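Novice: First residue of the sequence shown: 6, per this note's numbering; consecutive thereafter.
First the structure, which I've put down as structure tokens, then a few questions once you've had a look.
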Amino acid sequence: MKAIRNLFFICLIALVSCQSNEIDRNKTYASIDEMVEDIRKDISTLTTQEFHELMNSEEAYVLLDVRLPEEHDRGFIPGSVSIPRGVLEFRIASEKIWDEEGLYVPEKEEMLILYCKKSNRSPLAALRLNQLGYKNVKILTGGWIEWHKAYPEAMEDNIEEGGTVAVAAEEEDSGGC
């Protein structure tokens, strides 16, 4: 009888711990801001300074720009791969996408760093990557805007034809996430 009781408690503990790591699919939010803040609690972050130091280190990472292609074309962080949030789940493991970039499909254990415009879309994207089994996902706090403010000189060499630093700066004041 004691063995059955112990087995019951072990199963109960395992069940509770598994449920605490799952998203409450029945939870509703008053706003997207509330949802993003809730998700942010479980996502690792990097400041622009920490990321700049990482860029200058030997540590391996994959940098994903989850903004729309037209946002990426106006300016991007050097070394980033553009995979918009809306199609991230479909493209993250696509060999074709990564071949076009001259890269390999990221492994589930690799460090993936995500950024968007203001750091509101990237937590949502990070959540989905975590759900797909990626174990080392981080977001760049402040997104493109904070990066552009801290390191504007990095933008001059990577603006696509037709885009300018001024256009990228204008984008900061427009809507979007």
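Think of the CB as a built atom: it goes at the ideal place given N, C-alpha and C, for glycine as much as any other residue.
Since we're looking at a predicted model, the values are computed, not measured.
Taking the alpha helix (DSSP H) that Glu67 falls in, what are its first and last residues?
Specialist: Reading the sequence as shown, one finds Val at residue 67 and not Glu. Looking at the DSSP string, Val67 is not in any alpha helix (DSSP H); the run it does join, the beta strand (DSSP E), is 67–70.
Novice: What does the alpha-carbon distance come out to for the pair Glu112 and Tyr139?
Specialist: One C-alpha to the other measures close to 8 angstroms.
Novice: Determine the direct distance from the alpha carbon of Leu145 to that of His153, and round the result to whole angstroms.
Specialist: Each residue's Cα considered, the two are about 12 angstroms apart.
Novice: Run the CB neighbour count on Phe95, radius 10 Å, all protein chains shown included, and call it buried at 16 or more, exposed below.
Specialist: Looking at its Cβ environment, which holds fewer than 16 other Cβ atoms inside 10 Å, Phe95 is exposed.
Novice: Bridge partners for Val92 per DSSP, in chain order?
Specialist: DSSP output for Val92 lists no bridge partner at all.
Novice: Relative to the C-alpha of Tyr66, which candidate in Ala159, Asn125, Leu119, Ile102 has its C-alpha closest?
Specialist: The shortest C-alpha separation from Tyr66 is found at Leu119.
Novice: Taking only the alpha-carbon atoms, compute the straight-line gap between Glu70 and Gly148 and give it to the nearest angstrom.
Specialist: Residue identity differs from the one stated: residue 70 is Asp in this sequence, not Glu. Straight-line Cα distance between these residues: approximately 9 angstroms.
Novice: Cutting at 7 angstroms between CB atoms, please list the residues of its own chain near Glu114, excluding the five before and the five after it.
Specialist: Answer for Glu114: Lys140, Asn141, listed in chain order.
Novice: Grouping DSSP H, G and I as helix and E and B as strand, with all else coil, what is Val110?
Specialist: Coil.
Novice: DSSP state of Leu119, grouped into three classes?
Specialist: Three-state result, Leu119: strand.
Novice: Residues in the same chain with beta-carbon distance under 8 angstroms from Glu58, minus the five sequence neighbours each way, listed in chain order, please.
Specialist: Contacts found: none.
Novice: For Arg126, verify whether its CB is less than 7 angstroms away from any heavy atom of the ligand ATP.
Specialist: The ligand ATP is not part of this structure, which contains no ligands at all.
Novice: Do the region 75–87 and the region 124–132 touch if we need at least three Cβ pairs shorter than 8 angstroms?
Specialist: In short, these stretches do not touch, since the Cβ pair count stays below three.
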